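Just so we're aligned: 96 in UniProt numbering is position 96 of the sequence shown, and the numbers increase by one with no gaps anywhere. Backbone N, C-alpha and C define an ideal beta-carbon position, used for all residues, glycine too. Being a predicted model, the structure only gives us computed values, none of them experimental.
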Amino acid sequence: MAMLVAIGTICSHLFYIPAGVAKAFPVQHAINVMAGVMLGPIPAVIVAFSIGLLRNLFGIGSLLAFPGGMIGAFLAGYLYQKGRKYTFALIGEWVGTGIIGAIIAVPIASIFLASKTGAFFFITPFLVSSLVGGVIGWGVLRILHKNAAAKNWLGSNEEKSL
């Protein structure tokens, strides 16, 4: 868990998508997908919360890191547990962060950040960021799955199909 938090925190400033009061970090989404698969839904939420907290403490995040990242991480882990395919984790991250997280971001931005933007303002950058990052996480998992040691660690239930 600590390694994923460290990677997510250190690499998050390398690339982000500005969206008004929000900053969308594809690296966070990649970590969410990987944590959901490797650790499960609850530990993935802890990883997402920890990365969001550290980014905010370092001044490179926003309060909107919490709802989107945590919901996406939970759904990534939950859907992976139900379907045992990396693609389900990707879909969970995309829906959890890109849609649900973006909708929840509206009242949070309004209350805490004095933003008057609507849901559609957040949905596009959150969807793009979660899709890009989720695909990166999915790709890393596919590469790890080809390694014999990592395959045993990840579990052999993953099917080869998308």
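Query raised in the report: Which ranges would you report for the alpha helix (DSSP H) in the stretch 100-146 if only whole runs of at least 4 residues count?
Result: Fully enclosed alpha helix (DSSP H) runs of 4 or longer: 102-113 and 119-146.
Query raised in the report: When DSSP labels each residue in this structure, what does isoleucine 91 get in the three-state scheme?
Result: Isoleucine 91: helix per DSSP, three-state reduction.
Query raised in the report: Between the Cα of arginine 55 and the Cα atoms of Ser115, Phe121 and Val5, which residue gives the shortest distance?
Result: Of the listed residues, the one whose Cα sits closest to arginine 55 is Val5.
Requested in this report: Sort out for me which residues DSSP pairs alanine 65 with in a bridge.
Outcome: For alanine 65, no pairing in a beta bridge is given by DSSP.
Query raised in the report: Sorted by chain position, which residues of the same chain lie with C-beta nearer than 6 Å to lysine 23's C-beta, five sequence neighbours on each side aside?
Result: In the same chain as lysine 23, and ignoring 5 residues on each side of it, the C-beta atoms closer than 6 Å to its own belong to Tyr16 and Ser62, in chain order.
Query raised in the report: Does the Cβ-Cβ distance between leucine 127 and glycine 98 come in under 8 Å?
Result: In this structure, the beta-carbon distance from leucine 127 to glycine 98 falls below 8 Å.
Query raised in the report: Taking just the CA atoms, how far does isoleucine 91 sit from isoleucine 10?
Result: Approximately 25 Å, taken between the alpha carbons.
**Report entry** Beta-carbon spacing of isoleucine 136, glycine 96 below 8 Å
**Finding:** Remark: C-beta atoms of isoleucine 136 and glycine 96 do not approach each other more closely than 8 Å.
Query raised in the report: For valine 45 versus phenylalanine 74, is the C-beta spacing smaller than 8 Å?
Result: The answer is yes: Cβ separation under 8 Å.
Requested in this report: Rank Leu53, Ile104, Ser129 and Leu154 by C-alpha distance to the C-alpha of proline 26 and give the top, closest one.
Outcome: Here the closest residue by C-alpha is Ser129.
**Report entry** Contacts around histidine 13, its chain only, beta-carbon distance under 6 Å, and the 5 residues preceding and following it disregarded
**Finding:** Its chain contains Ile60 as the residues whose beta carbon lies nearer than 6 Å to that of histidine 13, once the 5 sequence neighbours on both sides are disregarded; these appear in chain order.
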